[in-house]
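Sequence positions in the sequence shown follow this note's numbering and run 7 to 198.
The beta carbon of each residue, even a glycine, is placed where N, CA and C say it ideally should be.
I have placed the structure first, in the form of structure tokens, so that the comments after it can refer back to it.
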Amino acid sequence: MFNIVIFGAPGSGKGTQSDKLIEHYHLFHISTGEVLRDHISRGTELGKTANKFISDGQLIPDELMISILDSVLDEHADAVKEGVIFDGFPRTINQAVSLKEMLKKHNAQVNIVLGLEVAEEELVDRLIKRGAESGRSDDNHETIMKRLEVYNNQTSPLKEFYQNEQVYAAINGSGSIDGIFEDIKKAVDAAK
Ligand code: AMP
């Protein structure tokens, strides 16, 4: 099992680069944001709960998020055997610790964390542009600023966590999509 975490602030290009990773490495992709938006669009109970947090720019509580991830992994037990691209998870130290435990049960681990590093002004510009096109309830100026604050407070400490685990690869997330993906491929192939 070769597991990749694609990591970075909102607007750093996780979704875009995940699409390229899936195409190139044929690994199973889990975007927790997409899982949640799917529940919201289907109007499930979970979707109703998640929507309150998402539209306010806050994280879904760890316990709930971890159990959602656990069930996605269970549901796709066959597909995940080769490895997974985790996109948008973990977002807190608690989630990272749980992921480590979950993977350990399968004698697996996070093999590489691709940290897409982009300056904050560029993130805001990108998110505002995306907001004009995406129709996402959390791509408005007020929520964008909250999401960046939540990222800085709760998610960015994961960089140090994964540096300590010796799996963090810093990727310059500014520049052309293909140029960034070239750097990603080099980092992944070196970790294989
Ligand atoms: P994303 O599509 O990854 O930008 O996620 C959109 C929103 O979904 C986030 O701003 C959070 O509110 C929620 N979310 C996604 N993944 C997680 C996670 N791992 N932990 C908590 N909340 C999450």
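Worksheet entry | Residues near phenylalanine 13 in its chain [Cβ-Cβ closer than 6 Å; skip 5 each side] | Reading the sequence shown from its first residue, position 7 is the one you call residue 13. Result list for phenylalanine 13: Val119 and Gly121, in chain order.
Fill in: According to DSSP, residues forming a beta bridge with serine 1
Given a span of 7 to 198 for the chain in the structure shown, any question on residue 1 remains unanswerable.
Worksheet item: Pick from Glu88, Leu164, Ser77 and Glu127: whose alpha carbon is nearest that of methionine 108?
Response: Residue numbering aside, residue 108 sits at position 102 when the sequence shown is read from its first letter. Checking every option, the nearest Cα to that of methionine 108 belongs to Ser77.
Item to complete: Can you have a look at glutamine 172 and say buried or exposed, based on whether 16 or more other CB atoms are within 10 angstroms of its CB?
Response: The residue given as residue 172 occupies position 166 in the sequence shown. It is exposed - the Cβ of glutamine 172 has fewer than 16 other Cβ atoms within 10 Å.
Worksheet item: Helix, strand or coil for leucine 120 per DSSP?
Response: Within the sequence shown, numbered from 1, the residue matching residue 120 stands at position 114. Reduced to three states, the DSSP call for leucine 120 is strand.
Discussion item. Do alanine 176 and asparagine 9 have their beta-carbon atoms positioned less than 8 Å apart in this structure?
Written reply: Taking the first residue of the sequence shown as position 1, residue 9 is located at position 3. Taking the first residue of the sequence shown as position 1, residue 176 is located at position 170. Not in contact: asparagine 9 and alanine 176 (Cβ atoms no closer than 8 Å).
Practice prompt. Compute the distance between the beta-carbons of lysine 198 and glycine 63, then report whether it is under 8 Å.
Written response: Residue 198 sits at position 192 when you count from the first residue of the sequence shown. Residue 63 sits at position 57 when you count from the first residue of the sequence shown. No, they are not a contact pair.
Item to complete: For my contact list, phenylalanine 167 and alanine 102 are in at a C-beta cut-off of 8 Å; report their separation, rounded to the angstrom.
Response: Looking up residue 167 in the sequence shown gives position 161. Looking up residue 102 in the sequence shown gives position 96. By a beta-carbon distance limit of 8 Å, phenylalanine 167 contacts alanine 102. Their separation comes to about 6 Å.
Worksheet item: How long is the line joining the alpha carbons of isoleucine 183 and serine 143, rounded to whole angstroms?
Response: Residue 183 sits at position 177 when you count from the first residue of the sequence shown. Residue 143 sits at position 137 when you count from the first residue of the sequence shown. Roughly 25 Å separates the two Cα atoms.
Discussion item. Just to confirm the assignment, what range does the beta strand (DSSP E) spanning aspartate 9 have?
Written reply: Here the question's residue 9 lines up with position 3 in the sequence shown. The question names aspartate, but residue 9 is asparagine in the sequence shown. Secondary structure note for asparagine 9: its beta strand (DSSP E) is the uninterrupted segment 9 to 14.
Worksheet item: In angstroms, rounded to a whole number, what distance separates the CA positions of alanine 193 and valine 116?
Response: As a working note, residue 193 is residue 187 in the sequence shown. As a working note, residue 116 is residue 110 in the sequence shown. So the alpha carbons of these two residues sit roughly 14 Å apart.
Worksheet item: Would you call the CB atoms of leucine 164 and proline 16 closer than 8 Å?
Response: Here residue 164 is taken as the residue at index 158 of the sequence shown, counted from 1. Here residue 16 is taken as the residue at index 10 of the sequence shown, counted from 1. Between leucine 164 and proline 16, the C-beta spacing is not below 8 Å.
Item to complete: Put asparagine 170 into one of helix, strand or coil per three-state DSSP.
Response: In the sequence shown, counting from the first residue as 1, residue 170 sits at position 164. Looking at asparagine 170 - three-state DSSP - the assignment turns out to be helix.
Worksheet item: What do you reckon, are the CB atoms on isoleucine 74 and valine 41 nearer than 8 Å?
Response: For the purposes of this step, residue 74 is taken as residue 68 along the sequence shown, with counting starting at 1. For the purposes of this step, residue 41 is taken as residue 35 along the sequence shown, with counting starting at 1. In contact: isoleucine 74 and valine 41 (Cβ atoms closer than 8 Å).
Worksheet entry | Element boundaries [alpha helix (DSSP H), containing leucine 75] | Along the sequence shown, one-based indexing puts residue 75 at 69. Residues 68 to 81.
Practice prompt. Give a yes or no on whether the C-beta atoms belonging to serine 24 and histidine 32 are separated by under 8 Å.
Written response: Counting from one through the sequence shown, the residue named residue 24 turns up at place 18. Counting from one through the sequence shown, the residue named residue 32 turns up at place 26. The answer is no: Cβ separation not under 8 Å.
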